[in-house]
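The structure appears right after this line, and notes come after that.
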Amino acid sequence: MLEINNLKARIGTTEILRGVTLTVNAGEVHAIMGPNGSGKSTLAQVIAGHEDFVVTDGTITFDGRDLLELKPEERAREGIFLGFQYPVEIPGVNNAYLLKAAVNARRKHRGLSEIDAFEFLKLAKEKMAMLDMDPKFLNRGVNEGFSGGEKKRNEILQMAMLEPKLAILDETDSGLDIDALRAVAAGINGLRDPNRAIILVTHYQRLLDYVEPDQVHVLSEGRIARSGDKSLAVELETKGYDWVREAASA
Amino acid sequence: MNAPALAMDALAGAVAALPRDRLTPQRLAALEHLRAHGLPTTRLEDWKYTDLTPAIEISNRWLAAKREPVLAESVAAKIAEVRTNIDAHWLVIANGIIDGQALADAADDGFDVRLLSAGDAQLGFDAPLADFNTALLRDGLRITVLPGATPRKPIGLLLIDETVADAEVVQARIEIEIGANATASFVEYHLSSGSAGHFSNVVTNLALADHARADYVRLQRRSLDHTQTNRLFVAQARDSILNHCAFDLGGQMIRNDLHIDIAGPGASSVFNGLYLGGSGQHIDNHTRIDHRVGPATSRQEYRGVLTANARCIWNGKAIVHAGADGTDAEQANHNLLLSRGAEIDAKPELEIYADEVKCSHGTTVGQLDETALFYLRSRGIGHDDAVQILTRAFAASIVGKISVDTLNEIIGSMVEGRLGVLIEAGNK
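For the record, the sequence lines run as chains A and B. The first sequence begins at 0 in numbering that gives the first Met the number 0 and counts up by one. The second sequence begins at 0 in numbering that gives the first Met the number 0 and counts up by one.
Written out as structure tokens, the structure reads:
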């Protein structure tokens, strides 16, 4: 589904990704781990099309399409979803309005009619119940005054409504208490599907206790230093990231 | 280059040609006062950014033509439309002519309306533009809200102009008194249909007696070749409340002066505004609040969205006079610049001569938040739509401050409509 080959990217004059190669197939859950500054978030944002990053080399294809040619909104309509590490507060833009606009943008792209208002509300309330979210959040400004946990749940709600082909969740577990972590994990597990791929970008193993990955990759200094199965995450937790760095430079 | 001067002899001729009535002595006195002081020029600090030359040129052309005011027929349809869309007791001044029928129809709803010429109103000499207004005034409105009354519907002041010839000058004057313990809402609506060379000069005085309350919305949607100066002076007595919300959605050269004078303790003054500037537009909002006594509070927030080569000015002055202890004044001005060619001059001015006061101000000028833009785009919303959504949200916070419930929705959609046009034009 997603093929990344020798991807290099920089912001300003700083090179952050220095040749990432990664293949993610439909139905798989991949975890990308790594120390701060290793390029995890950059990789997530480059896949989503953030224009602050300049891709200097390499390719990304998604279902055979050259992703780098597409604008962020086109990537989203093709079925890519990025769950933000720091979801943006947008006062004055109603949460329900954004959800509906996003759902309809994707539907329109697929040649479907706009979602019926009643159907939309029913679906949104259903997903919110699963995430243990108060339906009142629908009528608030996007992430406006939300706590850290509420913002992350809101990201998962958007994901659940949009039903993407590829979901990239950037540090979705950071700053969550155990209840919020469980709710978010349940939301992610509920979306596991043979036709969908999920990339979890995370610093800690914690989330992986709840969402079991098929593959774990460790990013270090802009490259994938190691890949393995879920046991790699456990090994990292005990040995720390220095171990990967040393192993990579050895 | 010297700015052109107002043709005073022609003006004197025009004043003399007006019908003789009870206002005549005041017109003549205002003329002499104006002759002595002249209209403001950009050499004055308060007029640094707004050059009245276009207004003076239109006035001189109009004075030379010696035309009687005429009412264009197309105005009637527009007035009818306004009446249908906004439920209010509408009083209409069209091309400076007061609609007598509308006056007669003003319902018995706790207020009284008369022509200025029918009473003994003292129009005063406090500013050259007010003198210009008095000198050429055919007639004005005097509205009195009875003590303790609460009119059910807003009082609508429709100022509608249509130029039927090369140049037209219109003076409108409204004097409002709200009696003790009375509560009234107002919508002052400025409309016109397009044609070059129109200058209107509007002067309104609003006096709030003890415990009186006014919810006042000014909605300016003049055509894009309209020149206008507009002044509202508000005098607030003890425990009175003012909620003013202003919208500038049109006009070519617009200058608004809002001057609030707090003379009674316990008064509260909230005044907010939104200006949307596009190609060729110049919108200047000057506000001034005098806290003469305390305790009293004032809250001000103006926001602007500027596109193309729009030029806007916000100047907010707050003066806390000696002894006005317990004053609590806040002012804020936020601007969104959507193009490189747009320009905003934002100037907060605080002058504090009292000891126990709480005053704050904040001004921001910026572009749309790129992170928010990316966030929306990453949800499949196109770039241009995302710009629209974020800009509307920025403006909506002022729309949300309208304290006349029945106006919220209609003004909200006018704002969205205008923003849509401005942003689309900017994308071309």
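In this text, a Cβ means the ideal position worked out from N, Cα and C, and glycines have one as well. Just so we're clear, the structure is a prediction, and the values are computed from it rather than from any experiment.
Neighbouring residues, chain B, relative to residue i (Cβ below 8 Å)
i                     : result
residue 105 (chain A) : 379
Cβ distance (whole Å) where residue i is taken to contact residue j below 8 Å
i                     : j                     : result
residue 29 (chain B)  : residue 124 (chain B) : 7 Å
residue 169 (chain A) : residue 84 (chain A)  : 4 Å
residue 215 (chain A) : residue 223 (chain A) : The pair is not a contact, with the Cβ atoms about 10 Å apart (cut-off 8 Å).
residue 114 (chain A) : residue 99 (chain A)  : 7 Å
residue 364 (chain B) : residue 345 (chain B) : 6 Å
residue 181 (chain B) : residue 148 (chain B) : 5 Å
residue 334 (chain B) : residue 383 (chain B) : Actually they do not touch by this definition, with Cβ atoms about 21 Å apart.
residue 191 (chain B) : residue 221 (chain B) : 5 Å
residue 264 (chain B) : residue 304 (chain B) : Not quite, the Cβ-Cβ distance comes to about 37 Å (not below 8 Å), so this is no contact.
Interface residues of chain B facing residue i [CB-CB closer than 7 Å]
i                     : result
residue 199 (chain A) : Under the 7 Å cutoff, chain B gives no residues; its nearest Cβ is about 17 Å from residue 199 (chain A).
residue 81 (chain A)  : 377
Under 8 Å from the C-beta of residue i: neighbouring residues of chain A
i                     : result
residue 396 (chain B) : 90, 91
Rounded straight-line distance, which links the Cα of residue j to that of residue i
i                     : j                     : result
residue 21 (chain A)  : residue 245 (chain B) : 56 Å
residue 75 (chain A)  : residue 107 (chain A) : 12 Å
residue 202 (chain A) : residue 155 (chain A) : 18 Å
residue 172 (chain A) : residue 324 (chain B) : 51 Å
residue 45 (chain B)  : residue 314 (chain B) : 9 Å
residue 0 (chain B)   : residue 41 (chain B)  : Only weak support is given to the placement of residue 0 (chain B): the predicted model assigns it a pLDDT of 46, under 50, and the value that follows is read from those uncertain coordinates. Near 12 Å, if we compare the C-alpha coordinates of residue 41 (chain B) and residue 0 (chain B).
residue 173 (chain B) : residue 352 (chain B) : 33 Å
residue 93 (chain B)  : residue 161 (chain B) : 8 Å
residue 112 (chain B) : residue 142 (chain B) : 5 Å
residue 124 (chain A) : residue 219 (chain B) : 42 Å
residue 332 (chain B) : residue 243 (chain B) : 15 Å
residue 58 (chain A)  : residue 52 (chain A)  : 14 Å
residue 97 (chain B)  : residue 115 (chain B) : 11 Å
residue 202 (chain B) : residue 129 (chain B) : 6 Å
residue 24 (chain A)  : residue 193 (chain A) : 9 Å
residue 241 (chain B) : residue 401 (chain B) : 12 Å
residue 53 (chain B)  : residue 294 (chain B) : 42 Å
residue 55 (chain A)  : residue 15 (chain A)  : 11 Å
residue 69 (chain A)  : residue 48 (chain A)  : 8 Å
residue 170 (chain B) : residue 161 (chain A) : 57 Å
residue 206 (chain A) : residue 7 (chain A)   : 28 Å
residue 57 (chain B)  : residue 179 (chain B) : 42 Å
residue 120 (chain B) : residue 283 (chain B) : 29 Å
residue 238 (chain A) : residue 231 (chain A) : 10 Å
residue 164 (chain B) : residue 262 (chain B) : 44 Å
residue 95 (chain B)  : residue 199 (chain B) : 9 Å
residue 306 (chain B) : residue 280 (chain B) : 10 Å
residue 27 (chain B)  : residue 156 (chain B) : 27 Å
residue 213 (chain B) : residue 141 (chain A) : 34 Å
residue 259 (chain B) : residue 349 (chain B) : 14 Å
residue 174 (chain A) : residue 149 (chain A) : 11 Å
residue 338 (chain B) : residue 318 (chain B) : 34 Å
residue 10 (chain A)  : residue 44 (chain A)  : 11 Å
residue 17 (chain A)  : residue 144 (chain A) : 37 Å
residue 211 (chain A) : residue 200 (chain A) : 13 Å
Partner residues on chain A for residue i, Cβ-Cβ distance less than 7 Å
i                     : result
residue 388 (chain B) : 92
residue 246 (chain B) : The premise fails here: residue 246 (chain B) is roughly 16 Å from chain A at the closest Cβ pair, so nothing lies under 7 Å.
residue 371 (chain B) : 87, 89
Chain-ordered chain B contacts of residue i [CB-CB under 9 Å]
i                     : result
residue 95 (chain A)  : Correct list: empty, because the minimum Cβ distance to chain B is about 13 Å.
residue 72 (chain A)  : 375, 376, 377, 378, 379, 380, 381, 382, 384, 385
residue 309 (chain A) : Residue 309 (chain A) is absent from the model: chain A starts at 0 and stops at 249.
Give me the subset of the region 90-117 of chain B whose CB atoms are less than 8 Å from a CB atom of chain A, sorted by chain position. Listed by position, the residues of the region 90-117 of chain B near chain A (Cβ gap below 8 Å) amount to none.
Below 8 Å, how does it come out for the region 374-384 of chain B and the region 216-235 of chain B: are there three or more Cβ pairs, yes or no? Flag = no, the region 374-384 of chain B and the region 216-235 of chain B do not touch.
Do the region 177-195 of chain A and the region 91-100 of chain A touch if we need at least three Cβ pairs shorter than 8 Å? No, the region 177-195 of chain A is not in contact with the region 91-100 of chain A.
Examine the Cβ distances between the region 131-142 of chain B and the region 9-23 of chain B and report whether three or more of them are shorter than 8 Å. Counting Cβ pairs under 8 Å, three or more are found: they touch.
Proximal residues, the region 287-315 of chain B versus chain A, C-beta separation under 7 Å: Among the residues of the region 287-315 of chain B, none has a Cβ less than 7 Å away from any Cβ of chain A.
Can you list, in chain order, the residues of the region 46-76 of chain A whose Cβ is nearer than 9 Å to any Cβ on chain B? Taking a C-beta cut-off of 9 Å against chain B, the contacting residues of the region 46-76 of chain A are 47, 48, 49, 50, 51, 70, 71, 72, 73, 74, 75, 76, listed in chain order.
Would you call the region 175-189 of chain B and the region 60-78 of chain B in contact, with 3 or more CB pairs under 8 Å? The region 175-189 of chain B, when compared against the region 60-78 of chain B, does not touch it at the 8 Å Cβ threshold.
Selection of the region 393-417 of chain B by Cβ proximity to chain A, strictly under 9 Å: For chain A, the residues of the region 393-417 of chain B that bring a beta carbon within less than 9 Å of one of its beta carbons are 393, 394, 395, 396, 399, in chain order.
Interfacial residues, the region 138-159 of chain A to chain B, with Cβ spacing under 7 Å: If the cut-off is 7 Å between Cβ atoms, the region 138-159 of chain A has 157 near chain B.
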